[in-house]
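Numbering (our numbering), first residue to last: -6 to 202. Built from N, CA and C at the ideal position, the CB exists for glycine as well. From a predicted model like this one, the values you see are computed outputs, not experimental measurements. Worksheet: one structure, shown below.
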Amino acid sequence: GLEVAVGSRSEAALRAALAEAAALGIQGSAVKKAAAALVRAVATKELEDATAALGAKEDGGQRLRLALVHALEVGIEDTVALDTALEAARERGLDPALLQAAEVALTRLVGAQGLLEATEARDESSLAEALTMARECGVEAATLRGAEAKLRQLAATRQLVAARELVAALELTGAVAEEDLASLRAALVEARVAGANEGAVAEATAVLE
-6 GLEVAVGSRS EAALRAALAE AAALGIQGSA VKKAAAALVR AVATKELEDA
44 TAALGAKEDG GQRLRLALVH ALEVGIEDTV ALDTALEAAR ERGLDPALLQ
94 AAEVALTRLV GAQGLLEATE ARDESSLAEA LTMARECGVE AATLRGAEAK
144 LRQLAATRQL VAARELVAAL ELTGAVAEED LASLRAALVE ARVAGANEGA
194 VAEATAVLE
């Protein structure tokens, strides 16, 4: 489907998925996303070919410049292709302004990919570190907000579990105090707002009932 094709970043897969969507009359954001991914895939291939052409007999400097400009315009997501092209552009002595723009784009791309990996790993400390780096790299605000929401979710789950375990342990000894219950209630409220783990929310709710 379209989503799988977008994830693959494969030009052939994207073209096939878009053709199938057109045949079925499918429209909407998924199609637009796939079309944008196809543009990036084509631009990435052009950049790779232009970089490789520098090693051939013909002068690929101008071709590389145009491909790099286009790659930056569409926002390619292949760090290897961009890094390789940037190094080749430096060696060829292309426009310093273009080199700087490519360096900024590469830095942001590396930061965004690191953030994505940390988000998928669902590790709170790794995600916090990746967020700090992503901010320093100038990653776009929308990407940061998504990661910040995930970090809040992970932190809320951890705090809720800790508060529930404390209350449960104190109840066994009959030493639970109102402030302990209040802390658990507060953690439960934050967990619900943050979209924390449903199992943790259910267990905490059961302790308070």
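Neighbourhood of residue i by C-beta distance below 6 Å, restricted to the same chain and skipping five residues each side
i, result
"residue 13", "none"
"residue 184", "149, 153, 194"
"residue 124", "140"
Buried or exposed (CB count within 10 angstroms, at least 16 for buried), residue i
i, result
"residue 131", "exposed"
"residue 146", "buried"
"residue -1", "buried"
Neighbourhood of residue i by C-beta distance below 7 Å, restricted to the same chain and skipping five residues each side
i, result
"residue 38", "4"
"residue 196", "157"
"residue -6", "10"
Which of helix, strand or coil DSSP assigns to residue i
i, result
"residue 115", "coil"
"residue 42", "helix"
"residue 2", "coil"
"residue 76", "helix"
Own chain residues within Cβ distance below 8 Å of residue i, not counting five before or after
i, result
"residue 92", "79, 82, 83"
"residue 203", "The structure shown does not extend to residue 203, since the chain is modelled only from -6 to 202, so the question has no answer here."
"residue 59", "43"
Under 8 Å between C-beta atoms of residue i and residue j
i, j, result
"residue 43", "residue 33", "no"
"residue 61", "residue 30", "no"
"residue 140", "residue 108", "yes"
"residue 102", "residue 72", "yes"
Can you confirm whether the segment 106 to 125 touches the segment 144 to 161 when touching is taken to mean that 3 or more C-beta pairs between the two stretches lie within less than 8 Å?
yes
Could you tell me whether the segment 161 to 176 touches the segment 121 to 136, using the rule of 3 or more Cβ pairs below 8 Å?
no
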